[in-house]
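Undergrad:
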Amino acid sequence: MARVEFAYSLEINDIVDAMEANELWIEGILNDKRAFECIDENCEAKITCKNMDTFAYDRKVIPHFIMANRENMHSASCELYKEYVKKESIRGKSKNERKTYNIGRNVCFHMERPENHRIIKHTFSGEGSKNEQDIKRKMKRTSERRKNRNSNYYWLNSLIGYYIASYKEGTIHQNTVDIDFGKNKKYNYTLNKLFKRIKKEIETTDADKRHYVYYGKGKVFSRKDGGYDLVFYEQFLDSDKKVKCVISKNLIENCQYGRINKINILETAKGKERFIYVLSSKNISETYEKIYLNVNNLDCIAISEIDLDAIDEIIKE
Ligand SMILES: [Zn+2]
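Per my numbering, residue 376 is the first one in the sequence shown, and the count goes up by one each step.
Structure (structure tokens):
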């Protein structure tokens with residue numbers, strides 16, 4: 376069965392991708408990984424979000440949608456199913472042909488959350504089941520109009536899922552991200568430009584004040600003030616300065632969404648070698664002989680076990 380990219384969440388009555396669903400689970404908004412169905416308005420095929428209820432540190436496979444069971448397939452009139460069949464027929468063809476078919480995806484990462492963020496507008500409370508069906512159809516119809524809809528992420532962990540999936544597919548040059556800083560400041564990057572592996576980048580560039588996703592091997596340590604130090608084990612190419620990200624107690628206290636889960640992720644990673652990702656600017660301190668990666672908030676940090684160098688090896692083989 377072809378990949379299901381988006382599903383309709385029966386819990387929030389909106390269309391989400393699997394990483395969004397995971398983010399919403401972490402933040403306590405989604406609870407049931409089985410409460411999804413096909414996004415087509417004429418189809419009620421049940422969908423499960425596999426690994427929706429897992430943390431990045433204890434899974435090998437990122438969250439994704441699967442059909443709930445073999446019997447409950449798409450309806451005959453489901454447009455999505457027809458599209459899948461078409462895509463499947465291209466699958467057998469050469470890699471290049473498939474690449475042309477893949478026109479690239481775009482997701483939006485928000486550095487700020489709107490004021491009424493995560494307040495669910497479409498509740499069914501007290502309404503009859505006929506009405507539920509109507510709302511569902513209407514929601515699906517409006518959502519379908521945004522067929523090439525953007526996924527909206529607020530936590531770097533979701534973006535890492537997208538990056539790793541694109542890395543495996545070989546589409547980091549086509550797939551893009553809008554980084555939305557709020558106040559109409561939005562910048563678009565291809566994934567290969569946004570993500571910077573520390574050991575492959577030079578220390579000083581003209582763009583150090585800009586935000587990028589820096590990543591590399593490192594460890595998490597506790598700070599005396601109740602915060603954390605993220606210490607990288609790799610250095611910039613031409614540099615012998617230590618690379619570090621400080622998470623102050625303040626930064627933790629300012630986290631409003633899923634704070635406990637997000638702290639748990641840091642706690643669990645403590646002392647273990649992990650891949651640490653930070654969406655940050657770069658601050659070079661000659662005095663301390665250190666490079667500080669400064670993050671705005673806890674949402675700009677992600678930790679993963681997945682080693683992209685290992686993926687490179689597989690691709691080369
Ligand atoms: Zn369907």
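No residue lacks a Cβ here, since even glycine has one placed at the ideal position from N, Cα and C.
(1) Helix, strand or coil: how does DSSP classify G602 here?
(2) Per DSSP, A382 forms a beta bridge with which residues?
(3) Does the Cβ-Cβ distance between L683 and V670 come in under 8 Å?
(4) Taking the beta carbon of T475 as the centre, do at least 16 other beta carbons fall within 10 Å, making it buried, or is it exposed?
(5) Checking 8 Å against the spacing of the C-beta atoms, do Y589 and L531 come in under that value?
(6) Which residues have their C-beta within less than 7 Å of a heavy atom of ligand 1, listed in chain order?
(7) Taking the CB atoms as reference points, tell me whether L605 and I651 lie closer together than 8 Å.
(8) To the nearest angstrom, how far is it from the Cα of T717 to the Cα of F570?
(9) In terms of DSSP beta bridges, what is N397 paired with?
(10) K421 lies in the beta strand (DSSP E); which residues open and close that run?
(11) How long is the line joining the alpha carbons of K647 and A382, rounded to whole angstroms?
(12) How is G479 classed by DSSP in three states: helix, strand or coil?
(13) Any idea if A420 is buried or exposed, counting beta-carbon neighbours within 10 angstroms, 16 or more meaning buried?
(14) Give me the Cβ distance between K619 and K665, rounded to the nearest whole Å; I'm assuming they're in contact under 8 Å.
(15) Just the Cα atoms here: how many angstroms apart are I437 and K408?
(16) Considering only the beta carbon of each residue, do C424 and C453 sit closer than 8 Å?
(17) Buried or exposed: which applies to I686, given that a residue is buried once 16 or more other Cβ atoms fall within 10 Å of its Cβ?
(18) Let me check one thing: in DSSP terms, what residues is I678 bridge-paired to?
TA: Taking the coordinates as given:
(1) Locating residue 602 in the sequence shown gives position 227, counting from the first residue. Coil, per DSSP.
(2) If you number the sequence shown from 1, residue 382 lands on position 7. Note: A382 sits in a beta bridge opposite V391.
(3) Along the sequence shown, read from residue 1 onward, the residue named residue 683 stands at position 308. Along the sequence shown, read from residue 1 onward, the residue named residue 670 stands at position 295. No.
(4) The residue given as residue 475 occupies position 100 in the sequence shown. Note that T475 scores 46 on pLDDT, short of 50, meaning its location in the model is unreliable; the coordinates nonetheless yield the value given after this. So T475 ends up on the exposed side.
(5) Taking the first residue of the sequence shown as 1, we reach residue 589 at position 214. Taking the first residue of the sequence shown as 1, we reach residue 531 at position 156. No, the pair does not count as a contact, with Cβ atoms beyond the cut-off.
(6) C413, D415, C418, A420, H449, S450, C453, L455, Y456
(7) Residue numbering aside, residue 605 sits at position 230 when the sequence shown is read from its first letter. Residue numbering aside, residue 651 sits at position 276 when the sequence shown is read from its first letter. Result yes, Cβ atoms of L605 and I651 sit closer than 8 Å.
(8) Nothing can be reported for residue 717, as the shown portion of the chain is limited to 376 through 692.
(9) Within the sequence shown, the letter at position 22 stands for residue 397. Looking at the DSSP assignment, N397 forms no beta bridge with any residue, so it has no partner.
(10) Here residue 421 refers to the residue found at position 46 of the sequence shown. Its beta strand (DSSP E) spans residues 421-425.
(11) The residue you call residue 647 lines up with position 272 of the sequence shown. The residue you call residue 382 lines up with position 7 of the sequence shown. The straight-line gap from Cα to Cα measures roughly 35 Å.
(12) Counting from 1 along the sequence shown, the entry for residue 479 is found at position 104. In this structure, G479 counts as coil in the three-state DSSP scheme.
(13) By 1-based counting over the sequence shown, the position of residue 420 is 45. Its Cβ being crowded by 16 or more others within 10 Å, A420 is buried.
(14) Looking up residue 619 in the sequence shown gives position 244. Looking up residue 665 in the sequence shown gives position 290. So it is a contact: roughly 6 Å between Cβ atoms.
(15) If you number the sequence shown from 1, residue 437 lands on position 62. If you number the sequence shown from 1, residue 408 lands on position 33. Near 14 Å, if we compare the C-alpha coordinates of K408 and I437.
(16) On the sequence shown, position 49 is the one that residue 424 refers to. On the sequence shown, position 78 is the one that residue 453 refers to. It is not a contact, given that the beta carbons lie outside the stated cut-off.
(17) The residue labelled residue 686 in the question sits at position 311 within the sequence shown. With fewer than 16 other Cβ atoms within 10 Å, it is exposed.
(18) On the sequence shown, position 303 is the one that residue 678 refers to. In the DSSP output, where bridge partners are listed per residue, I678 has I651.
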